[in-house]
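Trainee: Here this note's numbering is used: the first residue of the sequence shown is 632, the next is one more, and so on.
Glycine residues also receive a C-beta, built at the ideal position from the N, C-alpha and C atoms.
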Amino acid sequence: MRVAIYLVLLVLATGTALLFGTRGEKWVGTTVLAGNLLTMALEHAIGEKFASVFPLYLALDAGLAIALCVIAVRYPSWVAICVAAFQVNGTLGHLVKLVAIDTIPFSYAFLLRVWAWPMVLALLAARFMPSMRSTLLARDWPLYERQAAR
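1) Out of ASN667, CYS713, PRO707, state which residue places its alpha-carbon closest to the alpha-carbon of LEU638.
2) So VAL714 and LEU699 are supposed to be a Cβ contact under 8 Å. How far apart are they, rounded?
3) Ordered along the chain, which non-local residues of its own chain (more than five positions away) have a Cβ less than 6 Å from that of ALA703?
4) Buried or exposed: ASP692, going by 16 or more other Cβ atoms within 10 Å of its Cβ?
5) Figure out for me which residue from MET760, HIS725, ARG758 has the closest Cα to the Cα of TRP746.
6) Measuring CA to CA, which of PHE737, GLN718, THR670, MET760 is closest to VAL659?
7) DSSP state of SER762, grouped into three classes?
8) Measure the alpha-carbon distance for VAL751 versus ASP733 and round it to whole angstroms.
Here it is, written out as structure tokens:
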């Protein structure tokens, strides 16, 4: 049931981003959708084995994290930054398993699964909160304000 709910939210979030979003949102939506489809295909091919880190799974998540960070830099908005941050956190779940080999498979699986939901929810939230999807300018950053005040 939760997989069906997630898939409905994923299609709704990425679909609305692709249809009604800014250019940056369209890139984020495309990347999130492609990442989810590639992850599903990979899990179908290798099975959902969480006893150890599968290198291709780690490479896919790391590649998506890099792509989303590039998009967030190229098209700065709160939604792009949040989605990129959630993907980086998801990728760090692999590093937890690499460093702490004794991590039980359920904990590792939970770390990988939990960060997919906030990405989708951030994309959905951007539909209802225009400030999340508007382009951030240099004057929007607190550091800029502190430097300008000097």
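Mentor: In brief:
1) For this step, residue 638 is matched to residue 7 along the sequence shown. The shortest C-alpha separation from LEU638 is found at ASN667.
2) If you number the sequence shown from 1, residue 714 lands on position 83. If you number the sequence shown from 1, residue 699 lands on position 68. Yes, they are in contact, since the Cβ atoms of VAL714 and LEU699 sit about 6 Å apart, within 8 Å.
3) In the sequence shown, counting from the first residue as 1, residue 703 sits at position 72. Excluding residues within five positions, the ones whose Cβ falls inside 6 Å are ALA711, ILE712, ALA715.
4) The sequence position of residue 692 within the sequence shown is 61, counting from 1. Buried, because 16 or more other Cβ atoms sit within 10 Å of the Cβ of ASP692.
5) Here residue 746 corresponds to residue number 115 of the sequence shown, with the count starting at 1. TRP746 has its Cα closest to that of HIS725, out of MET760, HIS725, ARG758.
6) The residue given as residue 659 occupies position 28 in the sequence shown. Of the candidates PHE737, GLN718, THR670, MET760, the one whose C-alpha sits nearest the C-alpha of VAL659 is GLN718.
7) The residue given as residue 762 occupies position 131 in the sequence shown. Correct three-state label for SER762: helix.
8) On the sequence shown, position 120 is the one that residue 751 refers to. On the sequence shown, position 102 is the one that residue 733 refers to. If I take the Cα positions, the gap works out to 30 Å.
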